[in-house]
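Protein chains: 4
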Amino acid sequence: MANFKGHALPGSFFLIFGLWWSIKYPLKYACKKNKKVFSIGSKTGFQRIEVIEGAVKAAFALIGILAEQFVPDGPHLKLYNREEHQWDHLMNWQHSTMYLFYGISGVVDIVTHTTKAVPLAMDRMMLSIAVFIEGFLFYYHVHGRAMLDIHVHLLLLVSVFGGSICIFLEVFHRGNIILELFRSSLCILQGSWFWQIGFVLYPPGGGPEWDLMDHGNMLFITMCYCWHYAFAIFIVAANYGLVTWFVQTKLKCTQPMEMELLKSREHESDDDI
Amino acid sequence: MANFKGHALPGSFFLIFGLWWSIKYPLKYACKKNKKVFSIGSKTGFQRIEVIEGAVKAAFALIGILAEQFVPDGPHLKLYNREEHQWDHLMNWQHSTMYLFYGISGVVDIVTHTTKAVPLAMDRMMLSIAVFIEGFLFYYHVHGRAMLDIHVHLLLLVSVFGGSICIFLEVFHRGNIILELFRSSLCILQGSWFWQIGFVLYPPGGGPEWDLMDHGNMLFITMCYCWHYAFAIFIVAANYGLVTWFVQTKLKCTQPMEMELLKSREHESDDDI
Amino acid sequence: MANFKGHALPGSFFLIFGLWWSIKYPLKYACKKNKKVFSIGSKTGFQRIEVIEGAVKAAFALIGILAEQFVPDGPHLKLYNREEHQWDHLMNWQHSTMYLFYGISGVVDIVTHTTKAVPLAMDRMMLSIAVFIEGFLFYYHVHGRAMLDIHVHLLLLVSVFGGSICIFLEVFHRGNIILELFRSSLCILQGSWFWQIGFVLYPPGGGPEWDLMDHGNMLFITMCYCWHYAFAIFIVAANYGLVTWFVQTKLKCTQPMEMELLKSREHESDDDI
Amino acid sequence: MANFKGHALPGSFFLIFGLWWSIKYPLKYACKKNKKVFSIGSKTGFQRIEVIEGAVKAAFALIGILAEQFVPDGPHLKLYNREEHQWDHLMNWQHSTMYLFYGISGVVDIVTHTTKAVPLAMDRMMLSIAVFIEGFLFYYHVHGRAMLDIHVHLLLLVSVFGGSICIFLEVFHRGNIILELFRSSLCILQGSWFWQIGFVLYPPGGGPEWDLMDHGNMLFITMCYCWHYAFAIFIVAANYGLVTWFVQTKLKCTQPMEMELLKSREHESDDDI
Numbered sequence: 001m002a003n004f005k006g007h008a009l010p011g012s013f014f015l016i017f018g019l020w021w022s023i024k025y026p027l028k029y030a031c032k033k034n035k036k037v038f039s040i041g042s043k044t045g046f047q048r049i050e051v052i053e054g055a056v057k058a059a060f061a062l063i064g065i066l067a068e069q070f071v072p073d074g075p076h077l078k079l080y081n082r083e084e085h086q087w088d089h090l091m092n093w094q095h096s097t098m099y100l101f102y103g104i105s106g107v108v109d110i111v112t113h114t115t116k117a118v119p120l121a122m123d124r125m126m127l128s129i130a131v132f133i134e135g136f137l138f139y140y141h142v143h144g145r146a147m148l149d150i151h152v153h154l155l156l157l158v159s160v161f162g163g164s165i166c167i168f169l170e171v172f173h174r175g176n177i178i179l180e181l182f183r184s185s186l187c188i189l190q191g192s193w194f195w196q197i198g199f200v201l202y203p204p205g206g207g208p209e210w211d212l213m214d215h216g217n218m219l220f221i222t223m224c225y226c227w228h229y230a231f232a233i234f235i236v237a238a239n240y241g242l243v244t245w246f247v248q249t250k251l252k253c254t255q256p257m258e259m260e261l262l263k264s265r266e267h268e269s270d271d272d273i
Numbered sequence: 001m002a003n004f005k006g007h008a009l010p011g012s013f014f015l016i017f018g019l020w021w022s023i024k025y026p027l028k029y030a031c032k033k034n035k036k037v038f039s040i041g042s043k044t045g046f047q048r049i050e051v052i053e054g055a056v057k058a059a060f061a062l063i064g065i066l067a068e069q070f071v072p073d074g075p076h077l078k079l080y081n082r083e084e085h086q087w088d089h090l091m092n093w094q095h096s097t098m099y100l101f102y103g104i105s106g107v108v109d110i111v112t113h114t115t116k117a118v119p120l121a122m123d124r125m126m127l128s129i130a131v132f133i134e135g136f137l138f139y140y141h142v143h144g145r146a147m148l149d150i151h152v153h154l155l156l157l158v159s160v161f162g163g164s165i166c167i168f169l170e171v172f173h174r175g176n177i178i179l180e181l182f183r184s185s186l187c188i189l190q191g192s193w194f195w196q197i198g199f200v201l202y203p204p205g206g207g208p209e210w211d212l213m214d215h216g217n218m219l220f221i222t223m224c225y226c227w228h229y230a231f232a233i234f235i236v237a238a239n240y241g242l243v244t245w246f247v248q249t250k251l252k253c254t255q256p257m258e259m260e261l262l263k264s265r266e267h268e269s270d271d272d273i
Numbered sequence: 001m002a003n004f005k006g007h008a009l010p011g012s013f014f015l016i017f018g019l020w021w022s023i024k025y026p027l028k029y030a031c032k033k034n035k036k037v038f039s040i041g042s043k044t045g046f047q048r049i050e051v052i053e054g055a056v057k058a059a060f061a062l063i064g065i066l067a068e069q070f071v072p073d074g075p076h077l078k079l080y081n082r083e084e085h086q087w088d089h090l091m092n093w094q095h096s097t098m099y100l101f102y103g104i105s106g107v108v109d110i111v112t113h114t115t116k117a118v119p120l121a122m123d124r125m126m127l128s129i130a131v132f133i134e135g136f137l138f139y140y141h142v143h144g145r146a147m148l149d150i151h152v153h154l155l156l157l158v159s160v161f162g163g164s165i166c167i168f169l170e171v172f173h174r175g176n177i178i179l180e181l182f183r184s185s186l187c188i189l190q191g192s193w194f195w196q197i198g199f200v201l202y203p204p205g206g207g208p209e210w211d212l213m214d215h216g217n218m219l220f221i222t223m224c225y226c227w228h229y230a231f232a233i234f235i236v237a238a239n240y241g242l243v244t245w246f247v248q249t250k251l252k253c254t255q256p257m258e259m260e261l262l263k264s265r266e267h268e269s270d271d272d273i
Numbered sequence: 001m002a003n004f005k006g007h008a009l010p011g012s013f014f015l016i017f018g019l020w021w022s023i024k025y026p027l028k029y030a031c032k033k034n035k036k037v038f039s040i041g042s043k044t045g046f047q048r049i050e051v052i053e054g055a056v057k058a059a060f061a062l063i064g065i066l067a068e069q070f071v072p073d074g075p076h077l078k079l080y081n082r083e084e085h086q087w088d089h090l091m092n093w094q095h096s097t098m099y100l101f102y103g104i105s106g107v108v109d110i111v112t113h114t115t116k117a118v119p120l121a122m123d124r125m126m127l128s129i130a131v132f133i134e135g136f137l138f139y140y141h142v143h144g145r146a147m148l149d150i151h152v153h154l155l156l157l158v159s160v161f162g163g164s165i166c167i168f169l170e171v172f173h174r175g176n177i178i179l180e181l182f183r184s185s186l187c188i189l190q191g192s193w194f195w196q197i198g199f200v201l202y203p204p205g206g207g208p209e210w211d212l213m214d215h216g217n218m219l220f221i222t223m224c225y226c227w228h229y230a231f232a233i234f235i236v237a238a239n240y241g242l243v244t245w246f247v248q249t250k251l252k253c254t255q256p257m258e259m260e261l262l263k264s265r266e267h268e269s270d271d272d273i
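Residue numbers (UniProt numbering), protein chains in the order written: chain A, 1 to 273; chain B, 1 to 273; chain C, 1 to 273; chain D, 1 to 273.
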């Protein structure tokens, strides 16, 4: 859907996931750090969360596919126009394909965390592939458009391929909080950038059009991308701080003495460079 | 051989290997997981399988070289045409070179798994080099052809170089089931894409020709590549499920009690994130 | 600031940091090697140094932002020129953005080394991101300039992206002296190259102008870049030698006997390849 | 020196080093495998070899620099031609710069293996940098030449950058026989390819000139590069086999009984996938 909503929809999906991850992973990290206190129920709890996350991901993907296929000017599952001897609504089909891989990733998440047959790292591998496919299709997607249109999509690819590499590294470094926070920030960046693309290419509410061939606009938009990322870093940092503060407050209330001991011991092992 | 058969032949080779890997590695993984039950004979068995695999690879490579050289319009081992002062059948020679490196990889497989002198990881290294050489030659292969012809071959390179990197990682992470399944899926993708290239460039049975300069065709073929990969993932997942189900069924019949204990213990160690 | 000072300022920042790192890391390495002798106070001392380093980095970034914004011909925080309907002083804004990310990196350094809530590797991750953003903005920065102008900036990118990758590796290999020295040398290279760019593009003191379109100049400048790096390597090696010599001299004065024992034991473990 | 000798000289250097490495590393590997038998003197012996290797490397680099500077049509250390206001003999100066970094690498080798102050991995890091600089300078070296001239140099870059990455990996995986053999093969490839470039661009003995703009020649030369690599692999494999056979023969003569025990034990630990 080459309009504002077609960019706002995936943008919202990515924002929701990015924000959620920026809460989940710090929480997991804080719980793991204070293992003895939070041991009861936390493991099965986190496993249930992973399953729900996979289900939500698959649901979002399904919504995306349905929206792309059955909007009024969509292809309605028709791929080839026999009268005009050309492919029908290829853009919508490409977007559907992107959603399809995120759907597969969601299903793999569910299977990985409900059964024991699949190795754990498979959820990361499949997500990494899904993100790569998104970038791969976008790369060939923008051929032959206006300069600024191409540029905003190419900028998106930086966060997409960055995310794919980051998630692939998680296959080997599972549970690395640095990579998890990095992924969260890239996901928020992608989400907010989809909204930005929508505002630039299809100004809502009859706002002024952007000059798609102006070199100044291109320089500005590149810089704007960095500001989006600074904003994403700020969000992730704020969420990390809040979650850490929340966990420590709750800890102090329950077991003030024991906690202090644990904390000091952890500092020592952390410092060991 | 720039015709349908010249693409169907390597395509079939890759499909056979991809399918075989998508059975072998899950089987190995399941046996390793249930080590105490399957310990008898499995190690020497798998070693013999590796030797056979190497022999089949070398045989396929030899068939490929012979086919490229001795088809009616082939070079018949002649490299330089002295009358016309130009190289003779360079395409066939390039394909022969690709097969040659797969042949070397097959021989290295055999030597690695029969003698003890060669370090184990050498089989992966040599396979990685063989796949890289394939991609390297393809990259310079398509210079100056029609747009769609170039594009379908460049798409192939994604799976080729992806496979080469994946196998190179296996040098350091040998026996990582994630990488092994990833490799299997890329190999199936390559095989099915060779068939697709054959159908696009040389439609068999007098089918309609593809317009090699149409932009819509290019967008479609990119998407089609992703569908092929979704299909490859599905095949690998199905084979993985079948093998795992088969191993567990067989286990339950023989030692139901002991098995349960083993399984629960494994879950615990797997969960340790 | 597209003038000599605008390149000398960041150049000096990078030179100061590079030189400082080429002293700090060998010192840390020598102290760690002679652990038993230097144990008292060294850990808290190095931690305090990290905090100060972060504060200096943030201060430099602030100076850079203020200089870019409030020089006489700067934007003075004005982004859009409503009269002429175009963006205002985009170059200065881009430079401010680069400094901003270094500022964030400085703040993260301080937080990481004062509180215990943030994982240690976060300081490296954020520095890696800051360096990447610098390279990212430079890459789109030089569009449409003279050949030699583009070339000197692209050469800079080699050290920038090299540095970013090196620091990212440090997330996983923290405390690896090889990577730390490599980073120091790249940082010195970047600093001295900023000065070189200033001298080439804005010859100070009314020196002769460089012909920005001459192919010979381009070849020379590429080679000159390598000489800068040879010089950076020499500086790092000299500092490494001096620091090591200083630590060992100081050791010999205090505990000559014990030292010998330690040294011989270390040699043995070092040799174990 | 843009003539046959100017390519044969570095080609011979690389060939000598490649061949030497393809003997040294298998020998080291075989000795390490049979540790208990070969323990006496082997460690100090190998260390002395490393020092000699560094000295030879530095000597070769010095010969290269002197040859580039003081051939009859060389720059004789003159960099700028003040009469004609242009740089003097930039090609020779670029080659000298390449040799300079190999010289630094040689010196670092010597220092690393004679004193204990420098971390061991530094020799690999510096060699990796030297190889990278070679590729970096070659990349900007060939601008504006004939098609085939550019192509043969770009092909060289594959082995140069491949070698640089391989050596950089050795910083982290020191003593990995796979990487060491890979490096040997790439070094032999580089050496033989330098000779090939000499034969193509400056046919010695008044042979027929190559048509530098012919597309067929370009395709052939790409394939020829792969054959060179197949040849390099063969040489490394042959040397590996000879060395292994030699070590085992010598072992059998001295301690036949003890050896058998060691061997069988090793097989077991090797098999543990």
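We put the CB at the ideal spot given by N, CA and C, even for glycine.
Cα-Cα separation between residue i and residue j, rounded to whole angstroms
| i | j | result |
| --- | --- | --- |
| leucine 62 of chain B | valine 171 of chain A | 37 Å |
| methionine 259 of chain A | cysteine 31 of chain C | With a pLDDT of 49 at methionine 259 of chain A, under the threshold of 50, the modelled position of that residue is not reliable, and no figure is offered here. |
| glutamate 268 of chain A | lysine 116 of chain C | Confidence at glutamate 268 of chain A is low in this model, with a pLDDT of 46, below 50, so the placement of that residue should be treated as unreliable; the coordinate-derived value is given next. Their Cα atoms are separated by approximately 10 Å. |
| asparagine 176 of chain B | serine 164 of chain A | 19 Å |
| asparagine 92 of chain B | phenylalanine 220 of chain D | 11 Å |
| leucine 127 of chain A | glycine 11 of chain A | 17 Å |
| residue 331 of chain D | histidine 95 of chain B | Because chain D here runs from 1 to 273, residue 331 of chain D falls outside it and cannot be looked at. |
| valine 71 of chain C | valine 200 of chain A | 31 Å |
8 Å Cβ cutoff met for residue i and residue j
| i | j | result |
| --- | --- | --- |
| valine 160 of chain A | glutamate 134 of chain A | yes |
| asparagine 34 of chain D | leucine 251 of chain D | yes |
| isoleucine 167 of chain C | valine 131 of chain C | yes |
| isoleucine 49 of chain C | lysine 24 of chain C | yes |
| valine 111 of chain A | valine 118 of chain A | yes |
| glycine 45 of chain D | serine 184 of chain D | no |
| tyrosine 139 of chain A | leucine 120 of chain A | no |
| aspartate 149 of chain D | leucine 90 of chain D | no |
| glycine 198 of chain C | aspartate 109 of chain C | no |
| glycine 216 of chain B | tryptophan 193 of chain A | no |
Partner residues on chain D for residue i, Cβ-Cβ distance less than 8 Å
| i | result |
| --- | --- |
| phenylalanine 101 of chain B | Cys226, Ala230 |
| leucine 137 of chain B | Thr222, Met223, Cys226 |
Chain A contact residues for residue i, given Cβ-Cβ distances below 9 Å
| i | result |
| --- | --- |
| methionine 125 of chain C | Ile178, Leu179, Leu181, Phe182 |
| glycine 144 of chain C | His215 |
Beta-carbon neighbours of residue i, restricted to chain C and to distances below 7 Å
| i | result |
| --- | --- |
| residue 281 of chain D | In the structure as shown, chain D begins at 1 and stops at 273. Residue 281 of chain D is therefore absent and cannot be evaluated. |
Exercise. For the segment 216-248 of chain B, which residues have a beta carbon sitting closer than 9 Å to at least one beta carbon of chain A?
Worked result: Gly216, Asn217, Met218, Leu219, Phe220, Thr222, Met223, Tyr225, Cys226, Trp227, Tyr229, Ala230, Ile233, Phe234, Ala237, Tyr240, Gly241, Thr244, Trp245, Gln248
Exercise. Can we say the segment 46-66 of chain C touches the segment 100-109 of chain C, given the rule of at least three CB pairs closer than 8 Å?
Worked result: yes
Exercise. Three or more C-beta pairs closer than 8 Å, one from the segment 203-214 of chain B and one from the segment 229-243 of chain B: is that the case here?
Worked result: no
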